[in-house]
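Colleague:
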């Protein structure tokens, strides 16, 4: 059970980063950390004791397989995470060019 | 197995905390890399080689993009105004406390790590290979049982690229 | 008939990819093709509205049940989803038609139409899918397309608004993914009907309540309900007008309100305290949204705050229905209040879309959004004035228009369900809405003389045809929709949507067959 | 970049590219598949651009070219999905209509290898376009 608590704790560190940090890049890092922790949490759920990767090789298939469904979900979630991070970084550069800083406090209405 | 995962998780949590607290943005991004590559190793332990492969390459490319962004701009983070940030920090810690408390209460009745009861994926494991014909069951699930997700998935990457191209164009209005 | 359901997602997707390729060579291809695609989809959904009995279930990839467990992804088309599809595609078509001339002021027109088609495809995908993770994937597609569209004109405040919207939207999507993980952990299946079956069998545990809270906060943020509304005023006021009319008219409904309804009616059992929480959030958004809107002078920010309060009406109507069902009061009152909520959902999409299009027309001609510097446009822009007059009257609930009827139903249902405080609040908020929209009308269109507009170097005259057409069409719709009160019309459109929510069991039997 | 980096890149780039193609083609046999292989191919190109500097390639043309490739690759993906509806005779979206073949062989999983190739091209072109967009933005801003 400790493993799940640590994974959710990593998620909460991401939330801490997003809420508290003033720097745009730190916020983007916070969101990316949250994405990684959710992906890990999903895979932790699908793990079966001493199960191996779900690939059928030709020898006698008596081995226990890990659950392939969370792996399909997480593959999608990783690429979604990449998509959001790329868009966030593109906007962060434009804001940096317009304001000359990554800090939220200078940027007018980005509070909250 | 569980011990290895716990060690990796502690390492990743340390990397995450360091990356959020680091003054220099470049070291923050590098520390963020610890979390990403720690995740790759966790995937390998948990029997998910597909994901480890995708994660390691995607993580490298994200790091390259982040470093390109940072080298275009400043590397130090402005530190001022302690009053406001501590208020937010206290708020965040309260939220973290509540979340963990409720999470712990909610999940004590659930299956322990490792004995996961399969219901939907029973169908993917037993006859899986025969019906989709692919030896790699995960690819079978991705492209055949849940191909609709992957269609949405590829479109999301396409949307992100068009979004980046629109945001990074030079002149917005005529 | 069943084989045409995937067209709702495949056609806009194919359209988006074709526009992305052909758009570079053929300049005007994007605008025409988007309007054709969306017109086809509107007609198709109208056709299905009239011919749909019960619900259509479509397994993707042709996989049968594996000893009574659904293993593939199912697309479910029942009364509620066809109702939403009609709204999405209708407002989508009108906004696309409106933006044919509005977007000429921007560069990269082709990307605009690609992202527009992708947003519509994402929303159609969310409304149609019966699988929890699939809803997340299409929700993310519509959300990323809307992040990029909010930042379309690369000005300072648009980039900030888009960044804030994306950070909050990203956090809420991750909450949703986390709760999907919890539900998969508890029920180890992803199909909505299957999850409700397993939860019914296993009995509600602490985890179900915990994931309900996270889901409600995640989708609450997408539907801009009160504790999570921070992103809405910035995002909706700085986006290009057809996009903000799509955003507040359709996106917060298809991604926010619809999924809350689907999950809390068809997946989880209707429990007393969750419906109480939903009703409280609805009333809070209704009241605080309108109070925030009074002090605004920028037209679009005022309209954005009003979206929050009108969404509060919708959630209030549905919340009262849930409360009555949870205390298993008589179903007629519950059906009436849910009908009121859903009817207001359609009305709000129509008149809020129209109001944003009017604000866009005013900005297109004069380039000013601040009401203090506007005035006397009625003599110069007759069409915009008349359509915005009809929209303002219907949002503040003046009899002949549709807003009045839907608010009336919600208030009657609140009284019948003996929640007198809520009905008084609803009337009070409607009066304040009337006051603030009179202010809008007086300042933008009527008080000063119009001739100084004509003397200005680009003379202010009426907006081009495509914008007028969409605005007039929506204004006519404002009147036509009040016909939904007539029982014969109501049974075709509104009652199947309400039944889809009231008889929750029927949703699961249609998929699982048992 | 120094001469050493350039020389090493010239050698490695080909191997990385080949490895990416191997991962895509054998997606349904060994771990990996469209997403992983596509990302590896994009990594090969990014390495090439990083080591040889951006003025070496005419970036602007590259970017439009790769975004064009990306949209056509995902269109191929959608066409295969819709083709299943028409050819499959039963008219079911995303059905695996090609013969399945024996499990372990290379040509074995019906439509899945085609999906793999389409998604691989799409992911490679997508990541490359994002990276090129950032570089072009940096050059134009510096100018």
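Residue numbers (our numbering), protein chains in the order written: chain S, 90 to 201; chain U, 249 to 422; chain E, 22 to 535; chain Z, 6 to 148. Where a beta carbon is used, it is the ideal one built from N, C-alpha and C, also for glycine. Bear in mind the structure is a predicted one, so any value in this text is a computation, not a measurement.
Which residues in the same chain as residue 221 of chain E place their Cβ atom closer than 8 Å to its Cβ, once the five residues preceding and following it in sequence are excluded?
Modeller: Residue numbering aside, residue 221 of chain E sits at position 200 when the third chain is read from its first letter. Around residue 221 of chain E: 290.
Colleague: Would you be able to state if there are at least three C-beta pairs under 8 Å between the region 119 to 139 of chain E and the region 407 to 422 of chain U?
Modeller: Result yes; three or more Cβ-Cβ pairs closer than 8 Å.
Colleague: By the DSSP assignment, the alpha helix (DSSP H) with residue 178 of chain S in it spans what residues?
Modeller: Numbered from 1 along the first chain, position 89 holds the residue referred to as residue 178 of chain S. Segment 157 to 188, the alpha helix (DSSP H) holding residue 178 of chain S.
Colleague: Per DSSP, residue 78 of chain E forms a beta bridge with which residues?
Modeller: If you number the third chain from 1, residue 78 of chain E lands on position 57. Residue 78 of chain E pairs with E:97.
Colleague: Using a C-beta to C-beta distance shorter than 7 Å, which residues of chain S count as neighbours of residue 142 of chain Z?
Modeller: Taking the fourth chain and counting its residues from 1, one reaches residue 142 of chain Z at position 137. Here the neighbours are 182.
Colleague: Got a sec: which bits of the region 120 to 145 of chain S sit with their beta carbon under 9 Å from any beta carbon on chain C, in order along the chain?
Modeller: No chain C is part of this structure, whose protein chains are labelled S, U, E and Z.
Colleague: Under a three-way DSSP split, which group does residue 379 of chain E fall into?
Modeller: Taking the third chain and counting its residues from 1, the one referred to as residue 379 of chain E is at position 358. Looking at residue 379 of chain E - three-state DSSP - the assignment turns out to be helix.
Colleague: Mapping DSSP to helix, strand and coil, what is residue 399 of chain E?
Modeller: On the third chain, position 378 is the one that residue 399 of chain E refers to. Coil, per DSSP.
Colleague: Run through DSSP, which three-state label would residue 367 of chain U get?
Modeller: For the purposes of this step, residue 367 of chain U is taken as the residue at position 119 of the second chain. Of the three classes helix, strand and coil, the one that applies to residue 367 of chain U here is coil, per DSSP.
Colleague: For residue 158 of chain E, which residues in chain U fall below 8 Å Cβ to Cβ?
Modeller: In the third chain, counting from the first residue as 1, residue 158 of chain E sits at position 137. Result: 397, 400, 401 and 404.
Colleague: Any chance you could list the beta strand (DSSP E) runs of at least 3 consecutive residues sitting entirely within the region 200 to 272 of chain E, in chain order?
Modeller: Whole beta strand (DSSP E) segments, 3+ residues: zero.
Colleague: If we cut at 9 Å on Cβ distances, does residue 207 of chain E have a partner in chain U?
Modeller: Position 186 of the third chain holds residue 207 of chain E. Yes, its Cβ sits closer than 9 Å to a Cβ of chain U.
Colleague: Looking at the strands, I want to know which residues DSSP matches up with residue 391 of chain E.
Modeller: Numbered from its first residue, the third chain carries residue 391 of chain E at position 370. Answer is E:319, bridged to residue 391 of chain E.
Colleague: Distance cutoff 9 Å, beta carbons only. Does residue 130 of chain Z sit that close to anything in chain E?
Modeller: Within the fourth chain, residue 130 of chain Z is the residue found at index 125, counting from 1. Taking Cβ atoms only, chain E never reaches closer than 9 Å to residue 130 of chain Z, which makes this a no.
Colleague: Could you have a look at residue 112 of chain S and say whether DSSP puts it in helix, strand or coil?
Modeller: The residue you call residue 112 of chain S lines up with position 23 of the first chain. Three-state result, residue 112 of chain S: strand.
Colleague: Please list the partners that residue 298 of chain U has in chain S, where partner means a Cβ-to-Cβ separation under 7 Å.
Modeller: One-based indexing of the second chain puts residue 298 of chain U at position 50. Those within 7 Å of residue 298 of chain U in chain S are 160 and 164.
Colleague: I'd like to know whether the C-beta of residue 168 of chain S is nearer than 9 Å to at least one C-beta of chain Z.
Modeller: Position 79 of the first chain, counted from the first residue, corresponds to residue 168 of chain S. Interface residue, yes.
Colleague: Pick out whichever of E:353, E:388 and E:407 has its Cα sitting closest to the Cα of residue 10 of chain E.
Modeller: What the structure shows of chain E is the stretch from 22 to 535, and residue 10 of chain E is not part of that stretch, so it cannot be assessed.
Colleague: Using DSSP bridges, identify the partner residues of residue 320 of chain U.
Modeller: The count along the second chain starts at 1 and reaches residue 320 of chain U at position 72. According to DSSP, which records beta bridges pairwise, residue 320 of chain U is partnered with nothing at all.
Colleague: Just tell me which of E:260, E:155 and E:498 has its CA closest to the CA of residue 175 of chain E.
Modeller: What you label residue 175 of chain E is simply residue 154 of the third chain in a count that begins at 1. The shortest C-alpha separation from residue 175 of chain E is found at E:260.
Colleague: How about residue 329 of chain E and residue 306 of chain E: are their beta carbons less than 9 Å apart?
Modeller: If you number the third chain from 1, residue 329 of chain E lands on position 308. If you number the third chain from 1, residue 306 of chain E lands on position 285. Yes; because the gap between Cβ atoms is below 9 Å, this pair is in contact.
Colleague: Using 10 angstroms around the beta-carbon of residue 492 of chain E, count the other beta-carbons present and answer buried if the total reaches 16, otherwise exposed.
Modeller: Within the third chain, the letter at position 471 stands for residue 492 of chain E. Residue 492 of chain E is buried by the Cβ-count criterion.
Colleague: Are residue 153 of chain E and residue 522 of chain E touching if we call contact CB-CB under 9 Å?
Modeller: If you number the third chain from 1, residue 153 of chain E lands on position 132. If you number the third chain from 1, residue 522 of chain E lands on position 501. No, the pair does not count as a contact, with Cβ atoms beyond the cut-off.
Colleague: Indicate whether residue 336 of chain E and residue 358 of chain E have their beta-carbon atoms separated by less than 9 Å.
Modeller: Residue 336 of chain E sits at position 315 when you count from the first residue of the third chain. Residue 358 of chain E sits at position 337 when you count from the first residue of the third chain. Result no, Cβ atoms of residue 336 of chain E and residue 358 of chain E do not sit closer than 9 Å.
Colleague: Which bits of chain E does residue 83 of chain Z rub up against, with CB to CB less than 9 Å?
Modeller: Start at 1 with the first residue of the fourth chain, and residue 83 of chain Z comes out as number 78. What residue 83 of chain Z touches in chain E: 31, 34, 35 and 38.
Colleague: Cβ of residue 387 of chain U within 9 Å of Cβ of residue 272 of chain U?
Modeller: Along the second chain, one-based indexing puts residue 387 of chain U at 139. Along the second chain, one-based indexing puts residue 272 of chain U at 24. Result no, Cβ atoms of residue 387 of chain U and residue 272 of chain U do not sit closer than 9 Å.
Colleague: My assumption, with CB atoms under 8 Å, is that residue 182 of chain E sits in contact with residue 269 of chain E. Please give the rounded CB distance.
Modeller: The sequence position of residue 182 of chain E within the third chain is 161, counting from 1. The sequence position of residue 269 of chain E within the third chain is 248, counting from 1. Not a contact, Cβ separation roughly 13 Å.
Colleague: So, helix, strand or coil for residue 90 of chain E, using DSSP?
Modeller: Locating residue 90 of chain E in the third chain gives position 69, counting from the first residue. Here residue 90 of chain E sits in strand by DSSP.
Colleague: Given a threshold of 16 other Cβ atoms within 10 Å of its Cβ, counted over all protein chains shown, does residue 192 of chain S qualify as buried or as exposed?
Modeller: As a working mapping, residue 192 of chain S is identified with position 103 in the first chain. It counts as buried.
Colleague: Taking DSSP's pairing of strands, which residues face residue 267 of chain U in a bridge?
Modeller: Within the second chain, residue 267 of chain U is the residue found at index 19, counting from 1. For residue 267 of chain U, which the question treats as bridged, DSSP gives no partner whatsoever.
Colleague: In whole angstroms, give me the CA-to-CA distance for residue 398 of chain E and residue 132 of chain E.
Modeller: Within the third chain, numbered from 1, the residue matching residue 398 of chain E stands at position 377. Within the third chain, numbered from 1, the residue matching residue 132 of chain E stands at position 111. Cα to Cα, residue 398 of chain E sits roughly 33 Å from residue 132 of chain E.
Colleague: If we define contact as Cβ-Cβ less than 9 Å, is residue 267 of chain U a contact residue for chain S?
Modeller: Counting from one through the second chain, the residue named residue 267 of chain U turns up at place 19. For residue 267 of chain U, the answer is yes, since a Cβ of chain S falls inside 9 Å of its Cβ.
Colleague: Looking at residue 126 of chain Z and residue 151 of chain Z, is the spacing between their C-beta atoms short of 9 Å?
Modeller: Given that chain Z is displayed from residue 6 to residue 148, the structure contains no residue 151 of chain Z and the question cannot be resolved.
Colleague: Using the beta-carbon of each residue, which ones in chain U are nearer than 8 Å to residue 120 of chain Z?
Modeller: Position 115 of the fourth chain, counting from 1, holds the residue named residue 120 of chain Z. Simply 391, 395 and 398.
Colleague: What in chain E is Cβ-close to residue 87 of chain Z, meaning under 9 Å?
Modeller: In the fourth chain, residue 87 of chain Z corresponds to position 82, counting from 1. Here the neighbours are 27, 31 and 35.
Colleague: Buried or exposed: where does residue 85 of chain Z fall if 16 or more other Cβ atoms within 10 Å of its Cβ makes it buried?
Modeller: Indexing the fourth chain from 1 puts residue 85 of chain Z at position 80. With 16 or more other Cβ atoms within 10 Å, it is buried.
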